[in-house]
DNA sequence: GTATAATGTCAGTCACCACTGACAGTCATA
DNA sequence: TATGACTGTCAGTGGTGACTGACATTATAC
């Protein structure tokens, strides 16, 4: 019965993440979480000591950390359209993997020391990576880029908006999919960044 | 003392919106709300009957409704850069005015019948208005627009992302302001929509 | 077969919280 | 000065929810 201990904690964490992301930390009872995990409430407390600690443990896995950095250093082809597409996809992959954790983080209500800071550091890192990418592309003469930081930021905000929209509004816009959005957004940036001289009609 | 009744309800609603947007519906007690409004808990219940009803009443003001439609029919100059700028500004004006209500809506936890539906209808309306605008601009020969719906959607998502980012991350990106973002985003769309022939380097 | 570790059951504690009733105070108006 | 509309105080009630302790149960390992 030694290996069951980890399995039990895992079940509880999954149930907690599921329920809390739906109904909020204060909207779920430890009883409900235990039931959803097919375990007794007592077991929950034996493993985590408190509801708050259970949440903290659940949120610890919230670290895509190095993944973006590695992606940027290994997967880029220095071909704008291609790269922006794969960056977008990677972004949504990562975000969707942590979908429920992000939902919890947004609903917040809960104050875990340092958590917000840790969370906000990811998009800052992405902004840096993306900015550096644009700068290099500019140096290579492949794009015309006057303000790389703001352009990277704008690109990110579009992705972020689409993700949050999908997260909480689901399929609010009939006939519009995330894939289509990514393609159109990349097209717009490619067109905008590969103009030789600004067109003045 | 007749006019005080409305003033009292107003105070309570304001306090409720402030606190609930911060800590979530289940994270605030009626006691706290009453204190924040400098009124007794009893008065709160005399006015609204229940905590839930207080929230519902607070959320009823959440209707920018016609404002966007009127703006689109009256304030546009049919000059792309100018119009996209003023649309962006109007959007953020409206969103910021209802900042706290939107925060409550996102944290959700609360299930008020029909509320979510009512809320989601606003961005859908904006999408329609913006799409129609692009179509007309295309017909006027002022832009080259292959896929107006997706382009309007992309423009919206960028605004939405920037708003949500500002809402919950505050000043996470030092040196980047909302104003700068709006300008850069508009520039990107203008460049992208006013290319006569796609440049292939 | 017995020790050990993990879980379940059950009854219960304690604090908090939405909400109430009874009574008293305050102020404007007639 | 009396009435009425509004608010405050206070002492409650009933329910819920996080968390505990004592004891029984199961499975595994030696």
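Protein chains in written order, with this note's numbering: chain C, 8 to 208; chain U, 8 to 208. By construction, the Cβ of each residue, glycine as well, lies at the ideal position given by its N, Cα and C atoms. This structure is a prediction, so every number in the text was calculated from the model and none was measured.
For this session: Would you mind reading off the limits of the alpha helix (DSSP H) that contains residue 168 of chain C?
Result: Per DSSP, residue 168 of chain C belongs to the alpha helix (DSSP H) from 155–176.
Exercise. Where does residue 193 of chain U sit, in a helix, a strand or coil, going by DSSP?
Worked result: helix
For this session: Measure the CB-CB distance between residue 212 of chain C and residue 168 of chain U and report whether it falls below 7 angstroms.
Result: It is not possible to answer for residue 212 of chain C, since the shown part of chain C is limited to 8 through 208.
For this session: Identify, in the order they occur along the chain, each residue of the same chain with its Cβ nearer than 8 angstroms to the Cβ of residue 50 of chain C, setting aside the five sequence neighbours on each side.
Result: Counting only Cβ-Cβ distances below 8 angstroms, and skipping sequence neighbours, we find 15, 19, 41.
Exercise. From the beta carbon of residue 140 of chain U, is the nearest beta carbon of chain C less than 7 angstroms away?
Worked result: no
Problem set entry | Nonlocal neighbours in the same chain, by C-beta distance under 6 angstroms from residue 24 of chain U, ignoring five residues either side | 65, 107
Problem set entry | Where residue 183 of chain U falls, given that 16 or more other Cβ within 10 Å makes a residue buried | buried
Problem set entry | Contacts that residue 127 of chain U makes with chain C (C-beta to C-beta distance below 7 angstroms) | For residue 127 of chain U, the neighbours in chain C by C-beta distance under 7 angstroms run, in chain order, 176, 179.
For this session: Keeping to the same chain, check which residues put their C-beta closer than 7 angstroms to that of residue 159 of chain C; ignore five residues upstream and five downstream.
Result: 134, 137, 138, 141
Exercise. With 16 as the cutoff for other CB atoms within 10 Å, does residue 34 of chain C come out buried or exposed?
Worked result: buried
Exercise. Which two residues bound the contiguous alpha helix (DSSP H) that contains residue 139 of chain U?
Worked result: 122–146
Problem set entry | Distance CB(residue 111 of chain U)-CB(residue 63 of chain U) smaller than 7 angstroms | no
For this session: Examine chain U for any beta-carbon lying closer than 7 angstroms to the beta-carbon of residue 22 of chain C, and answer yes or no.
Result: Residue 22 of chain C does not count as touching chain U.
Exercise. Cα separation between residue 32 of chain C and residue 31 of chain U?
Worked result: 10 angstroms
Problem set entry | Contacts of residue 196 of chain C in chain U (Cβ-Cβ under 8 angstroms) | Ordered by position in chain U, the residues that pass the 8 angstroms Cβ test against residue 196 of chain C are 195, 199.
Exercise. With DSSP run on the structure shown, which of helix, strand or coil describes residue 210 of chain C?
Worked result: Because residue 210 of chain C is not part of the residues shown, which for chain C are 8 to 208, the question remains open.
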